[in-house]
Structures are given as C-alpha cells and as structure tokens.
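Since the structure comes first, as structure tokens, the remarks are kept for the end.
Protein chains in written order, with this note's numbering: chain V, 75 to 189; chain E, -19 to 92.
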C-alpha cells in the first residue's frame, strides 16, 4: 500500500493570505486527488491532479482559488489562496489503490484554521 | 442530486457485540462502494471495497453487504472491541477518477 505524507500537518493563517500544502507519495502514481473535509461535513473532492496536465476541478472549485501543481509522479501541492474563515477545514490528498482499481489511500491531512 | 446517508451520527455498543452500520444512497448508480475508518485528527483509512456485482465481502472481523436494489450497504464489525471506536465513512464511486461521494460518517463507540 502507498504511504502518503502531507506538510504542514496543521496551520493557523490570517485572512487574505495563502497556504501551500504538500503531498508526497512513496511510489509513483498516475492520479492524485485533493479533498476537503469541513467541520461536521463529509469529504468533498476538490480536484484531480495528473502529472503533465492541468488539474481537473469539481463543481464549485476553481483554479484561481485552489491552484494545484503536479511536477512529478510522487508529489503534488494544493494552494488555498486569499483565505477566509470559510476555508477552515482539513485538506487531504489521496491516491488510487491499484489493486482495488479505485481511490483508496489518504494522507494524514492538513488542518487549516483561518482567523 | 445524488445523496448518501449513514444511518446515525453515533452508535454505542457493548464490547463483544456486533456493530452494524448502514449506508443508503439515492440518485446514483455506483460501480463500487467503499468503507473507511477515520480516527480524530487523521485521514481516512481504507477498509473494504465492494463492487456492484458483489453481494458480500469479508475481511477478518469485518463484513460488508451491498444491495443495489435497495441502494444500501451494511457494514458489520463482529466481536467488537474498544479499539474499534472511530468514525466510519462510506463512499460511492464509479471509476478510478477519484470522484468519490462520501457520507458524513457514523461515530462508533464500543464500551468495555
């Protein structure tokens, strides 16, 4: 199974600033996924990041607010831009479980609080 | 729009009993359904995947059933232990594209 690490594990940020979250996987993966889990809510997919192409965003999420980079097959970043308190959430990256043929492995998450 | 519901926000049971969690969905035809465990402050941990053509799947003390007619999955933990206490999430998917739809989860507490 894949091992995923995220940095930072948590942060407290001021309104209007931006934070970049890093996701590192210990094996090469084709697709990486970014999710958000707001307090008391279910996980929601933000975007899918493929190496060498633009990220695909889900409805309600835009590139200007959540720019994503995918420079290689083991690494991705998600930036939360011009933050507001509504962006306070846990942000998680995920990769596909090749044996299951479906998304399966999640990172530990980044807990973001915006003041 | 598609909707996924887990039967209760919280479930309290006695150690040794079988915990049964329910996941219902509407307006969706998933190719598979997944169950995850999530501990406080941590990311979800994948437990089981069951496909639309499968009725039941087992893994150690875990059993999952999938009824596409009822649009329901049941998740059982037999001989439950206090260490099983966590939030359990169900998620629906159609492919490997990552667009899983998650329920809000059921918080299971197993009392000694």
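Ideal Cβ positions, reconstructed from N, Cα and C, are used throughout, including at glycine.
Under DSSP, residue 109/V takes part in a beta bridge, and its partners are 119/V, 166/V. Of all residues in the stretch 100 to 124 of chain V, the ones placed with a Cβ closer than 7 Å to any Cβ belonging to chain E are 105, 107, 115, 116, 117, 119, 122, in chain order. Rounded to whole angstroms, the Cβ separation of residue 100/V and residue 186/V is 24 Å, and the two are not in contact under 8 Å.
Less than 8 Å divides the Cβ of residue 107/V from the Cβ of residue 119/V. If the five residues before and after residue 31/E are omitted, its C-beta is found closer than 7 Å to the C-beta atoms of 11, 12, all from its own chain and listed in chain order. For residue 24/E, the nearest beta carbon of chain V is closer than 8 Å to its own beta carbon. Between residue 152/V and residue 131/V, the gap from beta carbon to beta carbon reaches 8 Å or more. When C-beta atoms of the stretch 133 to 144 of chain V are compared with those of the stretch -10 to 10 of chain E, fewer than three pairs fall below 8 Å, so the two segments do not count as touching. When secondary structure is reduced to three states using DSSP, residue 100/V falls in the coil class, being assigned neither helix nor strand.
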